[in-house]
Amino acid sequence: MKAAELEHYKRRWNLRLNGLKEEKEENTRQIIADIIGKVVPHWKEKMDFILDSVHRLGKYDTNRPRQIIMQFTGRHFMDELWRTTKQHHLCDHLKISFAEDLTKEDREARRAVWPKVEQARKAGLKTVFRGPHAFINGQRVTP
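Here the sequence shown is numbered in this note's numbering, starting from 13 and rising by one per residue.
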């Protein structure tokens, strides 16, 4: 595998969390475990098995909360949580959002096709992202 492919593959077990208020000296893992336990209640007793590592990214900034990165012990856990959080009222209440942990290259590839995806969504077409690629009505989109 090339280095970029390996990096992309490794990130498949990760999710990022945006918007969660930050306190100095917080126990980030416990805070995330509590949120996940409310979103997916049947995970509460297995949290140590499901959640591998959790930490904030970057330097502390009083003006803006840092992203949190979570690594799961299995891809299926990450997929279930991400799917569940998309419509969960707790995320709306806390003003938080979950996102894939994309490489810089993947983010740039998505950014390049975003205008076409946005236009297709406004037209009522089905759009999805898979890794760095966008699809409109099942057809792969290029910049």
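Yeah, the Cβ is synthetic: ideal placement off N, Cα and C, and Gly gets one too.
On a predicted model such as this, the values are computed, not experimentally measured, just so you know.
Excluding sequence positions up to five away, which residues of its chain have a Cβ less than 7 Å from the Cβ of A124? P155
What are the start and end residues of each continuous alpha helix (DSSP H) run of 4 or more residues lying completely inside the segment 20-85, in chain order? 40-51 and 59-62
Near L27, which residues of its chain fall below 8 Å by C-beta distance, leaving aside the five closest residues on each side in sequence? I81, M82, F84, M90, L93, W94, F110, A111, E112 and D113
R24: CB within 7 Å of a non-hydrogen atom of the ligand NAP: Only the bare structure without any ligand can be found here, which leaves the ligand NAP out of the picture.
Taking R68 as the reference, give the member of D46, H54, E57 and K36 with the closest Cα. K36
Measuring alpha carbon to alpha carbon, tell me which residue in D60, I48 and T74 is nearest L9. What is shown of the chain runs 13 to 155, which leaves residue 9 out entirely.
Buried or exposed for T97, going by 16 or more other Cβ atoms inside 10 Å? buried
Helix or strand or just coil, what does DSSP make of T115? coil
So what's E154 in DSSP terms, helix, strand or just coil? Reading off the sequence shown, one finds Thr at residue 154, where the question assumed Glu. Here T154 sits in coil by DSSP.
Drop a sphere of 10 angstroms on the beta-carbon of D118, count the other beta-carbons inside from all chains shown, and report buried for 16 or more, exposed for fewer. buried
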